[in-house]
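In what follows, a single structure is set out as structure tokens and then discussed.
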Amino acid sequence: MLAVGVGEDIDARPPATIKNGSLDLENGIETELARRLMAGDAGAFDRFVEYFRAKVFQYSRLMCGQREDAEEVAQDTLLKVFESFDRLREPERVRQWVFRIARNACLMKRRKSVFAPARELSLDEFLPAVSGSGQGARIQIADWSGLPDDKLLQREMKDVIEAAIAWLPPDYRSVILLRDMEELSTAEAAELLDVTPDVVKTRLHRARLALRHKLDEYLRTGAAPAAAN
Amino acid sequence: MASPHDEHCKEVFALLSDYLNLELPADTCAEVEAHLADCPPCIEFAESLRKTVELCHRYQPAELPTPLGEHARSELLAAYQKMLAGRQGA
Numbered sequence: 000m001l002a003v004g005v006g007e008d009i010d011a012r013p014p015a016t017i018k019n020g021s022l023d024l025e026n027g028i029e030t031e032l033a034r035r036l037m038a039g040d041a042g043a044f045d046r047f048v049e050y051f052r053a054k055v056f057q058y059s060r061l062m063c064g065q066r067e068d069a070e071e072v073a074q075d076t077l078l079k080v081f082e083s084f085d086r087l088r089e090p091e092r093v094r095q096w097v098f099r100i101a102r103n104a105c106l107m108k109r110r111k112s113v114f115a116p117a118r119e120l121s122l123d124e125f126l127p128a129v130s131g132s133g134q135g136a137r138i139q140i141a142d143w144s145g146l147p148d149d150k151l152l153q154r155e156m157k158d159v160i161e162a163a164i165a166w167l168p169p170d171y172r173s174v175i176l177l178r179d180m181e182e183l184s185t186a187e188a189a190e191l192l193d194v195t196p197d198v199v200k201t202r203l204h205r206a207r208l209a210l211r212h213k214l215d216e217y218l219r220t221g222a223a224p225a226a227a228n
Numbered sequence: 000m001a002s003p004h005d006e007h008c009k010e011v012f013a014l015l016s017d018y019l020n021l022e023l024p025a026d027t028c029a030e031v032e033a034h035l036a037d038c039p040p041c042i043e044f045a046e047s048l049r050k051t052v053e054l055c056h057r058y059q060p061a062e063l064p065t066p067l068g069e070h071a072r073s074e075l076l077a078a079y080q081k082m083l084a085g086r087q088g089a
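If you read the sequences in order, they're chains A and B.
Per numbering that gives the first Met the number 0, the first sequence starts with residue 0, numbered consecutively.
Per numbering that gives the first Met the number 0, the second sequence starts with residue 0, numbered consecutively.
Right, here's the structure in full:
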């Protein structure tokens with residue numbers, strides 16, 4: 000983790016946006032903002048709100064599926080964060096702590112909405128089809144050579160990724176959002192989700208396979224995945 | 000994936016995320032790499048999975064939240080100030 004010196008002017012750094020730099024830099028900024036808020040430095044307030052509001056909004060929009068819900072989850076989460084800020088014992092774990100609160104707020108929203116149903120994903124359903132046999136065997140797979148550079152910035156590709164994530168059952172969706180988008184560690188995600196690290200690993204692998212499968216379908220056929228199966 | 004029923008391919012298939020995350024024990028990692036070196040279909044599949052993960056890492060949302068309204072900001076600031084006051088009073 001990048002050490003951020005006390006007194007260093009983090010306000011002079013580029014505005015916080017989602018994934019605007021390295022993970023270490025983000026962690027350093029988050030920790031320093033948390034320390035300043037805990038010390039009663041109101042100058043850190045707006046920056047903390049701007050930074051985490053965007054992050055929680057992104058997570059909850061992908062988790063809950065609705066923009067309006069995501070706006071409410073972001074506000075509810077930050078309210079709870081500030082109400083209980085004195086319970087944050089380790090500022091370097093502020094991201095994990097904020098996302099735990101956000102996750103609970105999303106769970107409350109999800110109970111009220113219709114979304115992809117809970118179900119188990121099996122490994123076998125994502126094994127690629129194979130044509131031929133022996134040394135001549137070929138998996139049936141799209142041409143991935145142009146990804147991710149060529150298409151990532153296209154709006155259509157973002158829509159495909161979002162639809163594929165929405166297709167995932169909630170337990171798998173939450174893991175891939177925390178591990179591969181928020182880039183929490185296996186241990187951090189496990190603690191946040193109240194499951195074992197092995198469960199996180201299992202769900203992450205199946206979620207990635209499902210996402211790969213949906214992206215492969217899109218690359219082969221041009222058809223974006225439906226939001227729920 | 001020399002065959003849909005090739006058990007070695009399926010074993011590697013089950014380990015690919017741990018492999019990409021560098022979370023495999025050294026001996027298991029070596030076994031996976033030895034298999035990949037000799038199985039073009041598995042390499043092709045592993046590469047597509049790696050790109051899937053990279054897409055997630057580099058994903059930027061198309062939508063941002065609406066600007067924070069003054070009422071919502073005041074609500075948050077009041078909660079923060081109340082927390083600080085409560086801590087000082089404790």
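Here a beta-carbon is modelled for each residue, glycine too, at the ideal position from N, C-alpha and C.
Please read all numbers here as calculations on a predicted model, not as lab measurements.
Under the three-state DSSP convention, the category residue i falls into
i, result
"A/SER130", "strand"
"A/ARG118", "coil"
"A/ARG137", "strand"
"B/TYR58", "coil"
"B/ALA25", "helix"
"B/LEU63", "coil"
"B/ARG49", "helix"
Neighbour list for residue i in chain B, Cβ cutoff strictly below 8 Å
i, result
"A/ASP179", "VAL52, CYS55, HIS56"
9 Å Cβ cutoff, residue i in contact with chain B
i, result
"A/LYS108", "no"
"A/LEU167", "no"
"A/LEU214", "yes"
"A/ALA73", "yes"
"A/LYS143", "Reading off the sequence, residue 143 of chain A comes out as Trp, not Lys. Cβ-Cβ to chain B under 9 Å: yes for A/TRP143."
"A/THR30", "no"
"A/ILE100", "no"
"A/ARG66", "yes"
"A/LEU183", "no"
"A/ALA223", "no"
"A/GLU70", "yes"
"A/ARG137", "yes"
"A/ASP85", "yes"
Proximal residues of chain A, C-beta to C-beta of residue i below 9 Å
i, result
"B/PRO60", "ILE17, ALA53, PHE56, GLN57, ARG60, LEU61, LYS157, GLU161"
Neighbour list for residue i in chain B, Cβ cutoff strictly below 9 Å
i, result
"A/LEU122", "LYS9, PHE12, ALA13"
"A/LEU146", "SER47, LYS50, THR51, GLU53, LEU54"
Partners in chain C for residue i, counting only beta-carbon separations shorter than 8 Å
i, result
"A/GLU82", "Considering every chain present, this structure includes no chain C. Its protein chains are A and B."
Short CB-CB distance (under 9 Å) between residue i and chain A
i, result
"B/LEU48", "yes"
"B/GLY88", "no"
"B/LEU35", "no"
"B/GLU6", "no"
Where residue i meets chain A, residues with beta-carbon distance less than 8 Å
i, result
"B/ALA71", "GLN74"
"B/GLU74", "GLN74, LEU78"
"B/LEU93", "Because chain B here runs from 0 to 89, residue 93 of chain B falls outside it and cannot be looked at."
Partners in chain B for residue i, counting only beta-carbon separations shorter than 7 Å
i, result
"A/LEU210", "THR51"
"A/ARG154", "ALA61"
> Mind listing which residues of the segment 37-50 of chain A have their C-beta closer than 7 Å to chain B's C-betas, in chain order?
Replying inline: GLY39, PHE44, VAL48
> Which of the residues in the segment 15-29 of chain B, read from start to end, lie with their CB under 8 Å from any CB of chain A?
Replying inline: LEU15, SER16, ASP17, ASN20, GLU22
> For the segment 191-206 of chain A, which residues have a CB atom closer than 7 Å to at least one CB atom of chain B, in sequence order?
Replying inline: LYS200, LEU203, HIS204
>> Which runs of the alpha helix (DSSP H) at least 4 residues long sit entirely within the segment 171-203 of chain A? Give them in chain order.
In response: 185-192
> Whole alpha helix (DSSP H) runs in the segment 49-85 of chain A with 4 or more residues, listed along the chain?
Replying inline: 66-82
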